[in-house]
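2 protein chains.
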Amino acid sequence: MVKDQNIKYLFEPRSVAVIGASSNKGKIGNAVISNIIKGGYKNKIFPINPKGGEIEGIKAYKSVLDVPDEIDIACITVPAKFVLESVKECAAKGVKYAIVITSGFSEIGKIEEERKLVEAAREKGMRILGPNVFGIFTAEVSLNSTFTGSVIPSGNLGIITQSGALGVVMIGQATVGNIGLSAIVSVGNKADVDEGDLIEYMIAQDRTKVILIYMEGVHEGERLVETLKRATKIKPVVIIKSGRSTRGAMAAASHTGSLAGSDTVFDDVIKQCGALRAENMTEAFEWSKFLANNPLPAGENTVIITNGGGAGVMATDACEKYDIILYDDSNHLKTIFSPATPEFGSTKNPIDITGQAKAEDYVKAFNAALHDPEIHSVIGVFCESSLFTHKDLDMAVEQNYRQFKAAGKPIVFCLLGGETVDEYARESRRKNIPVYNDVYEGVAALGAMYSYKRYAEEKEDEVADFKFDVAAVDDIVDNARQEGRSFLLSHEGQEVMRVTGIAVPKSMIAVNIESAVKSAAAIGYPVVMKVVSKDILHKSDAGGIALDLVNDEEIISAYEAIMRNCRAHVPHAVIEGVEISEMVQPGTEMIVGARIDGSFGPTVMVGLGGIYVEVMKDVSFRATPLGRREIMAMIKEIRSYPLLLGVRGEKTRDINALVDTIIKIGAVIRNCKGISDIEINPLVLYEQGMGARAVDVRIILSREER
Amino acid sequence: MVKDQNIKYLFEPRSVAVIGASSNKGKIGNAVISNIIKGGYKNKIFPINPKGGEIEGIKAYKSVLDVPDEIDIACITVPAKFVLESVKECAAKGVKYAIVITSGFSEIGKIEEERKLVEAAREKGMRILGPNVFGIFTAEVSLNSTFTGSVIPSGNLGIITQSGALGVVMIGQATVGNIGLSAIVSVGNKADVDEGDLIEYMIAQDRTKVILIYMEGVHEGERLVETLKRATKIKPVVIIKSGRSTRGAMAAASHTGSLAGSDTVFDDVIKQCGALRAENMTEAFEWSKFLANNPLPAGENTVIITNGGGAGVMATDACEKYDIILYDDSNHLKTIFSPATPEFGSTKNPIDITGQAKAEDYVKAFNAALHDPEIHSVIGVFCESSLFTHKDLDMAVEQNYRQFKAAGKPIVFCLLGGETVDEYARESRRKNIPVYNDVYEGVAALGAMYSYKRYAEEKEDEVADFKFDVAAVDDIVDNARQEGRSFLLSHEGQEVMRVTGIAVPKSMIAVNIESAVKSAAAIGYPVVMKVVSKDILHKSDAGGIALDLVNDEEIISAYEAIMRNCRAHVPHAVIEGVEISEMVQPGTEMIVGARIDGSFGPTVMVGLGGIYVEVMKDVSFRATPLGRREIMAMIKEIRSYPLLLGVRGEKTRDINALVDTIIKIGAVIRNCKGISDIEINPLVLYEQGMGARAVDVRIILSREER
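Heads up: the protein sequence lines correspond to chains A and B, in order. Quick note on numbering: our numbering labels position 504 of the first sequence as 913, and the sequence is numbered without any gaps. Quick note on numbering: our numbering labels position 691 of the second sequence as 1100, and the sequence is numbered without any gaps.
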């Protein structure tokens, strides 16, 4: 979790060695050295080849140890069996980063071989990028040390990719889309350096305006979360994570050796970090390009300006899908758009300037939006008509775009139609004008920008701190471990709740009829009675539970019945007595949980409880630590959230009590290393001010002390 | 609902008149006549213009009545105020179809003016397309009677569009996409002819391979459903309906004058009809094109063949999204793909032939899939690499495509990368080879094909018939109407249930304490007591309900309390007594409903009941009539369906009883014209064989007898 202070040298090396450099055109060792030279890298280049001599016109050394200078990065391209030796030599030489391009390690099951590379590097303080990467391109020093055949355009998009093949694809797409790169790094097997390290550099680097990440599995998730949160306050981060589907996750695991975590958790946590998750490459590039080239809007008011009613309706649908707010002060709209709208058009948003609109009419309407301070962003929709030649489009699109950009207002253009429009769209996209062939695409790009803006402008959410007697919980855990258990018993779980101040139903243990009657009176009727015996696991099946007991008589007969039933059901059971508990009043049943997630470490969860959680899967997740506002955001994400506000005239539930409970179990999972899972289901939530009751608590212990 | 026997004349007219034909280049009347001539229409053309003379070289008549021949269709382009007169003349002349291109009717609120057109036409048996349309293009007779400036390519896609502007856009997109049209018709305000009529023709016409519909509002939904169901058994239908969002629906309503129904209902019903709903134009065209040009697969086994692991994972994710089944007999896959896959690749699906794969390796792998009878469709994924030139792509893509097509196996190609790939993709798309720039697009097209195939191959679902005493229900309705009510009282609703054999809780009306005690004893404790009074609508608020009464004493005190509460709450209420009902045993609470939908007429609904229905909106809809299989499909669509199969060791619920209940209320809504809405919430569903209880039944009467 420590920041890598040297990361600058990976992106701005003063010298690069290529281990396995070759004059043989077919070899990767040749591709890498040639790309470095062709790319215009100005600093020192050291080809390393046992034969020495000259490679691509540069003096080659027989060993990296022979190089008379310091080496910041060394690209290793030798066959897998020689990689460890090369790594050792580089480490001995004091190289800062070894980029292991060679594949054939953990991705084909050779985990031990990969571990050895890292070990050898760490001994000398060297770090490893890879293995199984395609190298690095970094515009800062014009270094292209990849083996791709493509020329990489410089610009302001920073790309981090787990897949080398998709890295090559992205370079191609960047070229087609005329979006240059500030850097592209593939992380491959992530044996050492991972996304966290690389994002760290890109946050601070001015050249990078947007960060685009392709990932399959998460590595050091806690650090990733922390880094992403900081990054997105400064610049947008777009993430594609494949392995969304169950089967896709399996395929991802088999091909990179990284275990893909649950996609739901990933999705929620990425949102929590303010990063934008794109489903596919096209979307990722569209968003990145739009975000890199356009100003953030000053506010939420968007207008659609269209010459076709139907297209306007589709744009409206798309706005709802992508969470864009359509401005609807109809008087104001009428005032500013009337001059541009014919009688039979509409100044309601979408503004329909009708099929008779010429380029000048668009200009008029756009100008009205441009100069009106109430309007913060515009979606221009054009249906092809005979009134639009290439020149008209130029007038309506390009000129307006420049003005909007200068004024700090984002605008997207959706051009619908045939050859003329298609050709114009392609041309203007090359000029980085945000022109789209479908309303959904244009609106999605603007929607991504709004999502980002909302996150970036949010105030820091202060981490909700909660202090409790950690030692007391640890004692309970230790005791259970000493008894050889990997979980806590029900009353131990309740004890953990009491330590943290989470209310549980009142409850007492009684060892005979008399004390049962007394306990019931102390707790207050109605009560529930349950047998207490380690030998009886399924209390209900054994007839060991009696509900809704309302007076002393019922206590007496229930006690007798339970003893009779249990003795009959489990003859040799040692029965310690019965537990008398408060009969919990009905309320809204929630589930809250906290666990050590395989990817992101300590996470919390909330959802609709009872039997619905399994079926409806109406739950949301967050990585910890987190503040009250983010917890509220998590609660609002569940579909059943309106239940908590009260339906059918019910009063609002005690949402504060729910937030407190989440904070508390979050603190337990973070502080008590012996616990891996806490689940309260149901947590019965009452009216505002009336709190909640943790009715059933299940706590699982860590396999080993974390 | 009667089929239009003349519809052939709209698509294959023997003569066309243009009312308002003009030599003036700027006028629509000129655009239409010019397009007809330029389009190569071979049959008779009659320009009509009060000035007579010649227009575009053809003799013009002063009035349509002067034309010496029969006229099949007349395009009316005169200003709105002259349209009615023209319609009347056309009708008098015996024209079969008047295509009213002129706008300015119901879409701007002139509903009465529009009604008059239809009335005038109907008197003489003429039909009207429009008003507010762009005309019709029909390849069968090479007629382009639209006013668009574009040349319309002939082919096999039939388009029906509610928006003229989007019609022009679609013509453009068809040209760019190299997909010709068999016909394109805009329906505009749908005053008379609507989608149902037009689909009817396209079903029977061989030339049309795929039907594409853009719609905003539904008109004569029952007929649309019936027609669509027949159509999709014969050819695919792709539908874009805008106004998905609440705000979009408002915008749609304002711009076409058609009331857009609930989007959820539309979505479910469209699926029921086997049509494919596309979200946007791009998707709609991609699907249509793929379906029109490619064979349906023989079975469900799909393989992904890729040279990039990450891209393979994304394709796998996309397959899950679009419901494509990946073949996974790993032994068989190994046998057939091993020869094409290097050691470090993978013969598990996705088949990863690795980044070193050349065109020949793709050919080898594709051939293995082509010749293996177990494999029914293929997704080819290419990540750009230096191994792929234009020529290589030709070998790997085009040649294979021809072979697959000839063999009746669908294949899609996803080409990811930069300039080379982009250019090749564009070229091959022009040749109608299914090449895509993103894996999600290609997989979506294949997914649409599988959706269609599954529907088309399903056996006809026999309509579930249910006979009951309709007159008995009508009597209950009539009685309520005579009392001036627009709804049934609770006991009347229960009576309707009894008539149809839907079980309700046992219940009796008691008018005093003595009879209340007797009734409770007769029904059996525990019971529920509810006030009966027309003046008290919200029984609960008035303190008019008492639950779980277990003995005579409790009956007596509850009776007194209810009377006291209700008198205090609604002082002037006439209280008829109380209803004593069986206390219903807990089970799974469902909601079932039947109503006259504004768009589709009699529809049914099922969902998770209780308070969850409002919040979770976990419901699905179907248009009636329908069979048991479709009802099961509707039930399976709700997210909470697994609850019915039993969770946590519970037994399966009585799903048959649920299906029966839906059939029964469906029959009531279809047969009892006085009823517009039936809602049973909750319908408590018990274990298999134990039936269900309709606990609360609300029935609303039609505003007027339907």
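Note that beta-carbon positions come from the ideal geometry of N, C-alpha and C, so glycine has one too.
- Residues of chain A with a Cβ closer than 7 Å to the Cβ of B:Glu1023 are, in chain order, Val1056.
- For the segment 818-829 of chain B, the beta-carbon criterion of a distance under 9 Å to any beta-carbon of chain A is satisfied by Leu825, Gly826, Gly827, Glu828 and Thr829.
- For the pair B:Trp696 and B:Ile643, the Cα-to-Cα distance works out to about 17 Å.
- For A:Asn888, the closest alpha carbon among the candidates A:Leu705, A:Glu901, A:Thr557 and A:Phe1009 is that of A:Glu901.
- Among the residues facing chain A, B:Met723 is included, as its CB has a counterpart in that chain under 8 Å away.
- The beta carbon of B:Tyr968 lies closer than 6 Å to those of Ile922 and Ala925 in the same chain, with the five residues before and after it left out.
- Taking 8 Å as the cut-off, the Cβ atoms of B:Tyr845 and B:Val821 count as close.
- When B:Lys1060, B:Arg838 and B:Val594 are compared, the shortest CA-CA separation from B:Tyr610 is found for B:Val594.
- Within the segment 697-728 of chain A, the residues whose Cβ lies closer than 8 Å to any Cβ of chain B are, in chain order, Asn716, Gly717, Gly718, Gly719, Ala720, Gly721, Val722, Met723, Thr725, Asp726, Ala727 and Cys728.
- For the pair A:Asn598 and A:Gly657, the CB atoms are not nearer than the 8 Å cut-off.
- Taken through DSSP and simplified to helix, strand or coil, A:Ala440 comes out as helix.
- A direct Cα-Cα distance of roughly 21 Å separates A:Ile964 from A:His978.
- Using a Cβ-Cβ cut-off of 8 Å, A:Arg653 counts as an interface residue toward chain B, since at least one Cβ of chain B sits closer than that to its own.
- Within the segment 783-803 of chain B, contact with chain A at the beta-carbon level (separation under 7 Å) is assigned to Cys792, Glu793, Ser794 and Ser795.
- With 16 or more neighbouring CB atoms inside 10 Å of its own CB, A:Gln681 falls in the buried class.
- Between B:Pro488 and chain A, the shortest Cβ-Cβ separation is not below 8 Å.
- Excluding its 5 nearest sequence neighbours in each direction, A:Asp781 has C-beta neighbours in its own chain below 7 Å: Ile745, listed in chain order.
- Nearest in C-alpha terms to A:Ile457, of all of A:Leu575, A:Ser472 and A:Glu465, is A:Ser472.
- Along the segment 740-763 of chain A, going in chain order, the ones with a CB nearer than 8 Å to a CB of chain B are Phe753, Ser755, Lys757, Pro759 and Asp761.
- Two segments are said to touch when three or more pairs of C-beta atoms, one from each, lie closer than 8 Å; by this definition the segment 1033-1044 of chain A does not touch the segment 981-997 of chain A.
- One thing to note: B:Gln582 has its Cβ within 8 Å of the Cβ of A:Gly827.
- A straight line joining the alpha-carbon of B:Met999 with that of B:Ala930 spans about 29 Å.
- Burial is judged here by how many other beta carbons sit within 10 angstroms of a residue's own beta carbon; A:Pro759 has at least 16 and is buried.
- Secondary structure at A:Ser860: helix, using DSSP grouped into helix, strand and coil.
- With contacts defined by Cβ atoms closer than 8 Å, A:Lys862 and A:Leu1094 do not form a contacting pair.
- Bridge partners of B:Asp1006 according to DSSP: B:Gly1010.
- Comparing alpha-carbon positions, the option among A:Asp672, A:Ala687 and A:Arg616 lying closest to A:Ile648 turns out to be A:Ala687.
- By the rule that beta-carbons nearer than 8 Å mark a contact, A:Met906 does not touch chain B.
- Sixteen is the threshold: when 16 or more other Cβ atoms of the shown chains lie within 10 Å of the Cβ of A:Arg536, as they do, the residue is buried.
- B:Leu621 sits close to B:Leu566, with the two beta carbons spaced by under 8 Å.
- At a cut-off of 8 Å between beta carbons, B:Glu625 contacts chain A.
- By the CB criterion at 8 Å, B:Leu637 and B:Ile608 fall inside the cutoff.
- Within 10 angstroms of the beta-carbon of A:His947 lie fewer than 16 other beta-carbons, which makes it exposed.
- In this structure, A:Gly448 and A:Asn553 form a Cβ contact; the two beta carbons are roughly 3 Å apart against a cut-off of 8 Å.
- DSSP places B:Arg653 in no beta strand (DSSP E); its state is neither H nor E.
- Contact annotation: B:Asn1080 and B:Val879 have beta-carbon atoms nearer than 8 Å.
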